[in-house]
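Below is one structure; the comments refer to it alone.
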Amino acid sequence: MEWEASEVEAEKFKSNKTNITESWVKKHTSIYKQATRHPFILSIKDGTIDSSSFKIWLGQDYIYVRAFVPFVASVLVKACEESDDSSDMDIILGGMASLNDEIAWFKEEASRWEVSLTSDIPQRANLMYCSFLKRLMSSEIEYAVAITAFWAIETVYQVSFSHCLEDRSKIPDELKDTCQRWGNSGFSQYCHSLQNIADRCLEKASIDIIAKAEQVFVTVLEHEIEFWNMSKGEI
Numbered sequence: 148m149e150w151e152a153s154e155v156e157a158e159k160f161k162s163n164k165t166n167i168t169e170s171w172v173k174k175h176t177s178i179y180k181q182a183t184r185h186p187f188i189l190s191i192k193d194g195t196i197d198s199s200s201f202k203i204w205l206g207q208d209y210i211y212v213r214a215f216v217p218f219v220a221s222v223l224v225k226a227c228e229e230s231d232d233s234s235d236m237d238i239i240l241g242g243m244a245s246l247n248d249e250i251a252w253f254k255e256e257a258s259r260w261e262v263s264l265t266s267d268i269p270q271r272a273n274l275m276y277c278s279f280l281k282r283l284m285s286s287e288i289e290y291a292v293a294i295t296a297f298w299a300i301e302t303v304y305q306v307s308f309s310h311c312l313e314d315r316s317k318i319p320d321e322l323k324d325t326c327q328r329w330g331n332s333g334f335s336q337y338c339h340s341l342q343n344i345a346d347r348c349l350e351k352a353s354i355d356i357i358a359k360a361e362q363v364f365v366t367v368l369e370h371e372i373e374f375w376n377m378s379k380g381e382i
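Reading the sequence shown from the start, the letters are residues 148 to 382 in the numbering used here.
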């Protein structure tokens, strides 16, 4: 994996060790908004989403979540080996436990929407995203980098679906549970916990690791946008 982040920017973060992740959100605000205010999400909020788009997302995200599980497990292993705070493991374990419920939810939703999870094959955007996760599972990837990716992935969904729950939204009744699943306040608190871990690790990291983590953050956003595009049939 090639890292093309600026060492000058990384040095700046080292001189101001607070809210590094928030600084990245502001710095990369354009792509961040593309990922969290994507037309796919906006179509859910305004009630114009096409059922075929939702079905694509449902089947493809199920495939993705199954690939996400071993990634989270690898983050847990890195936390065990590299973290200086034992509470990290508790937070990550909580996330892993919820993934079992999440997979069950996908199966129930797929049955309700008549989506076959056994015959669905991963599309290109999904394959690329899952390959990215697999590379992050390498023992050569530092914990600070991996936890940054974990936080970013979860946060995109939380921010996106919480936007759907804002006032004056016209979410179709059949999609309200989907929006609640990732847009609820409990999941928001969980994402903030991951963000706090990432910031703590980055504050103690070297300049090159900070630069690497920033590039991973941007790459996550790029993959999320492509995943949303795929769900709208834009391959």
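Note that CB positions come from ideal geometry on N, CA and C, so glycine has one too.
Inter-residue distance for R259 and K192 is about 21 angstroms (C-alpha atoms, whole angstroms). Excluding the 5 residues flanking it on each side, P269 has same chain C-beta neighbours closer than 6 angstroms at I210, in chain order. Per the coordinates, the alpha-carbon of S278 lies some 24 angstroms from the alpha-carbon of I188.
Scanning V303, W252, I167, V367 for the CA closest to the CA of T183 turns up V303. By the 16-neighbour rule on beta-carbons within 10 angstroms, C227 is exposed. When DSSP states are grouped into helix, strand and coil, L223 belongs to the helix group. DSSP places A182 in the helix class (H, G or I) of the three-state scheme. A straight line joining the alpha-carbon of L205 with that of S353 spans about 39 angstroms. About 16 angstroms separates the CB atoms of Y179 and L341; that is not less than 8 angstroms, and the two are not in contact. When the five nearest sequence neighbours on each side are left out, the beta carbons in the same chain lying within less than 6 angstroms of the beta carbon of S200 are those of S378, K379, in order along the chain.
The beta carbon of T168 sits closer than 6 angstroms to those of Q342, A345, D346, all from its chain and outside the five residues before and after it, given in chain order. The Cβ atoms of V219 and L246 lie closer than 8 angstroms to each other. Out of T366, I196, N166, R315, the CA that lies nearest to the CA of L322 is found in I196.
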